[in-house]
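Take a look at the structure set out below.
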């Protein structure tokens, strides 16, 4: 709203795109690096005048009728119309396997080399092979100096991505086999795989206001954001994020936040006041992400990630900011909560194990740990149950109704290499990729510990859907973990979730031979596998509380990545490229969650330190330029 001649008027797209008869939106396409810049200035290449009747149409429909779907539709159509006129979509043909430094001449020589090999001319083959190696080295060096080096200052993100490609970290061919077969049949198969968990679900009963406890909902006007808050949310958008089904890129909203903030504010306030989530924002584009490289089994080797409209993210972020303080998430949840992380969760879990099994205790106790895995946890959240739990969080009536609208009638469509599947409904679950999904899932799983009887003394630590339970077992007591597991199983049945018995594991940690190991745990008719080591939130834990297994795995992973440093040397890239690759791709592997496992014996310290020494040797630099990893871990642990 703004005041004009003493009267309040709604701010609409009229005020952004129709300030005067001469106002135009111009586009300048900067060919280098395919950077597009929109500006209100004298045109150099192309200009587009906005017709006054288009703006008047938005004004009359969006402000007089006031329907949220109308507002969103008109806003989206206007932005898309501008983009179509100023930056039309162009289709180009590319080869996914081509590296950015590849030239036509190198391709020609590679083709000649292969021909020499197939004809048996090995002398010519070896000559061409040596020549191609030299050409590739030269091409990489020239590509870096001419195209990449200058970006380090003005586009650091692109510089990092490019040097990762030069070093061989980013495998552009990850999905090549699948993308080359991205026919309608392929995307339809993926759509059926992703929606299969919903095929056997019982019908969800969405509660009405009368179905929930009225006293649980606060009866007050819904809080709305200011234009300044909307502008800040637009500024904080990541312009590199993928565009959702509405077709509005994040960079448009971010770059023109000053002009668009009043209009976006009008849309957001309408959504909040009407307690209605726009239908257009419920359409998710699902991108198949490989779990392994390369993917071999289309049934099991892909997970889905939802790409949602950027406007939806702005709306959800502001709604959570205005309403989240009223929710009550338990302290044992470490995911998607302020000042919590995987490290805080691991500290909470492992420190207790060390304390109760420590030799300094008068009587060493044992620890029985259980690692529970839920099958398709985010996808199987029942909307009706979730809404009842949300009502118990003492949120406002308006926010509860708005969340109900957010969950209802969602749909998804698989997208792969430009090919789209059919659209299917999402009768359950919270969309992974949505800002709201994490908060809603935390609410859904928040009461799992309430199902366990207090007398069992079971500790529970959660990180999203990763649920770890442990109990202290003394010489005079026995394990009650089976009872706790049965209680969680009952909770799962009530909440229409499923425990994955094959991925659920338990571990017995004890250094007192007088305490017998507990009986194997059972889920239904299946025995839970007891393990001596288990990977929890990226850190390997052993039942002897040593870190040999974890060190072995991180050293193995770091060794695999070391080839990239050799690629940097072979390509004659500047030393700072190799150093950056080491500091951003290899060293983090050796330091993740170091406060948990940092207290190592000398032989393990030396094993980790040897990785850095080998990297320094490959880089051809001095050890004086790098702090010892042991010292860095000490700083991280303080």
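Numbering (this note's numbering), first residue to last: 21 to 658.
Where is the CB? At the ideal position from N, CA and C, for every residue including glycine.
For residue 439, write down the residues that DSSP places opposite it in a beta bridge. Taking the chain shown and counting its residues from 1, the one referred to as residue 439 is at position 419. 436.
Given this structure, state the Cα-to-Cα distance separating residue 556 from residue 400, to the nearest angstrom. For the purposes of this step, residue 556 is taken as the residue at position 536 of the chain shown. For the purposes of this step, residue 400 is taken as the residue at position 380 of the chain shown. Taking C-alpha positions only, residue 556 is separated from residue 400 by approximately 23 Å.
I need the straight-line Cα distance from residue 137 to residue 572, nearest angstrom please. In the chain shown, counting from the first residue as 1, residue 137 sits at position 117. In the chain shown, counting from the first residue as 1, residue 572 sits at position 552. Cα to Cα, the separation comes out at about 41 Å.
Could you tell me the distance, in whole angstroms, from the CA atom of residue 181 to the CA atom of residue 261? Here residue 181 is taken as the residue at index 161 of the chain shown, counted from 1. Here residue 261 is taken as the residue at index 241 of the chain shown, counted from 1. Approximately 15 Å between the Cα atoms of the pair.
Which runs of the alpha helix (DSSP H) fall wholly inside the segment 287 to 372 and span at least 4 residues, in chain order? The segment 287 to 372 contains these whole alpha helix (DSSP H) runs: 330 to 343.
Could you check whether the Cβ of residue 563 sits closer than 8 Å to any Cβ belonging to chain B? Protein chains in the displayed structure number just one, and chain B is not present.
Helix, strand or coil at residue 567 according to DSSP, with G and I counted as helix: The residue labelled residue 567 in the question sits at position 547 within the chain shown. Coil, per DSSP.
Check this for me: beta carbons of residue 628 and residue 649, under 8 Å apart or not? Locating residue 628 in the chain shown gives position 608, where the first residue counts as 1. Locating residue 649 in the chain shown gives position 629, where the first residue counts as 1. Yes, the pair counts as a contact, with Cβ atoms nearer than the cut-off.
May I ask you to report which of helix, strand or coil DSSP gives residue 227? On the chain shown, residue 227 is found 207 positions in, with the first residue counted as 1. Looking at residue 227 - three-state DSSP - the assignment turns out to be coil, as it is neither helix nor strand.
I'd like to know whether the C-beta atoms of residue 330 and residue 268 end up nearer to each other than 8 Å. In the chain shown, the residue the question calls residue 330 occupies position 310. In the chain shown, the residue the question calls residue 268 occupies position 248. In this structure, residue 268 lies closer than 8 Å to residue 330 by Cβ.
Give the C-beta separation of residue 490 and residue 561 to the nearest angstrom, bearing in mind that I take them to be a contact with Cβ-Cβ under 8 Å. Numbered from its first residue, the chain shown carries residue 490 at position 470. Numbered from its first residue, the chain shown carries residue 561 at position 541. The Cβ separation is near 11 Å, so there is no contact.
Beta-carbon within less than 8 Å of residue 126's beta-carbon, same chain only, minus the 5 sequence neighbours each way: which residues are those? In the chain shown, counting from the first residue as 1, residue 126 sits at position 106. So the list reads 152, 155, 156 and 159, once near-sequence residues are dropped.
Residue 533 versus residue 318 - alpha carbon distance: In the chain shown, counting from the first residue as 1, residue 533 sits at position 513. In the chain shown, counting from the first residue as 1, residue 318 sits at position 298. About 48 Å.
In whole angstroms, what separates the C-alpha of residue 315 from that of residue 457? Here residue 315 is taken as the residue at index 295 of the chain shown, counted from 1. Here residue 457 is taken as the residue at index 437 of the chain shown, counted from 1. The straight-line gap from Cα to Cα measures roughly 27 Å.
Go to residue 600, then tell me how far its alpha helix (DSSP H) extends in each direction, as first and last residue. Walking along the chain shown from the start, residue 600 turns up at place 580. First-last of the alpha helix (DSSP H) with residue 600: 595 to 601.
How about residue 280 and residue 301: are their beta carbons less than 8 Å apart? Within the chain shown, the letter at position 260 stands for residue 280. Within the chain shown, the letter at position 281 stands for residue 301. No; because the gap between Cβ atoms is not below 8 Å, this pair is not in contact.
Contact the segment 514 to 523 vs the segment 400 to 416: 3+ CB pairs below 8 Å: yes
Going by other Cβ atoms of all chains shown within 10 Å of its Cβ, with 16 needed for buried, is residue 336 buried or exposed? The residue you call residue 336 lines up with position 316 of the chain shown. Flag for residue 336 reads buried.
Using the Cβ count rule (16 or more neighbours within 10 Å means buried), how would you classify residue 469? As a first step, residue 469 is located in the chain shown; it is residue number 449 there, counting from the start. It is buried - the Cβ of residue 469 has at least 16 other Cβ atoms within 10 Å.
Would you check if the distance between the CB atom of residue 441 and the CB atom of residue 587 is smaller than 8 Å? One-based indexing of the chain shown puts residue 441 at position 421. One-based indexing of the chain shown puts residue 587 at position 567. No; because the gap between Cβ atoms is not below 8 Å, this pair is not in contact.
Please go through the same chain and pick out, in chain order, the residues whose beta-carbon is closer than 7 Å to the beta-carbon of residue 133, but skip the five residues on each side of it. For the purposes of this step, residue 133 is identified with residue 113 of the chain shown, where counting begins at 1. So the list reads 145, 148, 149 and 152, once near-sequence residues are dropped.
Return helix, strand or coil for residue 493, following the three-state DSSP convention. What you label residue 493 is simply residue 473 of the chain shown in a count that begins at 1. DSSP places residue 493 in strand when its eight states are reduced to three.
Taking the straight line between their C-alpha atoms, what separation do you get for residue 444 and residue 432? Residue 444 sits at position 424 when you count from the first residue of the chain shown. Residue 432 sits at position 412 when you count from the first residue of the chain shown. Cα to Cα, residue 444 sits roughly 6 Å from residue 432.
What residue range is occupied by the uninterrupted beta strand (DSSP E) comprising residue 267? Position 247 of the chain shown, counted from the start, is the residue given in the question as residue 267. Under the DSSP assignment, residue 267 falls outside any beta strand (DSSP E); it carries neither an H nor an E label.
Report the rounded CA-to-CA distance for residue 538 versus residue 486, giving the unit in angstroms. The residue you call residue 538 lines up with position 518 of the chain shown. The residue you call residue 486 lines up with position 466 of the chain shown. So the two alpha carbons sit approximately 23 Å from each other.
Check the C-beta distance from residue 609 over to residue 637 and give it rounded, since I have them as a contact under 8 Å. Translated into the one-based positions of the chain shown, residue 609 becomes position 589. Translated into the one-based positions of the chain shown, residue 637 becomes position 617. Actually they do not touch by this definition, with Cβ atoms about 18 Å apart.
Between which two residues does the alpha helix (DSSP H) holding residue 90 run? Within the chain shown, numbered from 1, the residue matching residue 90 stands at position 70. Unbroken alpha helix (DSSP H) run through residue 90: 88 to 106.
On the CB-based measure, 16 or more other CB atoms within 10 Å of its CB, does residue 239 come out buried or exposed? The residue given as residue 239 occupies position 219 in the chain shown. Classification for residue 239: exposed.
Is it the case that the segment 466 to 484 contacts the segment 347 to 361, given that we only count it when at least three CB pairs across the two stretches are under 8 Å? yes
In angstroms, rounded to a whole number, what distance separates the CA positions of residue 232 and residue 568? Here residue 232 is taken as the residue at index 212 of the chain shown, counted from 1. Here residue 568 is taken as the residue at index 548 of the chain shown, counted from 1. So the alpha carbons of these two residues sit roughly 52 Å apart.
Are residue 536 and residue 550 closer than 8 Å when you measure CB to CB? If you number the chain shown from 1, residue 536 lands on position 516. If you number the chain shown from 1, residue 550 lands on position 530. Cβ atoms of residue 536 and residue 550: not closer than 8 Å.
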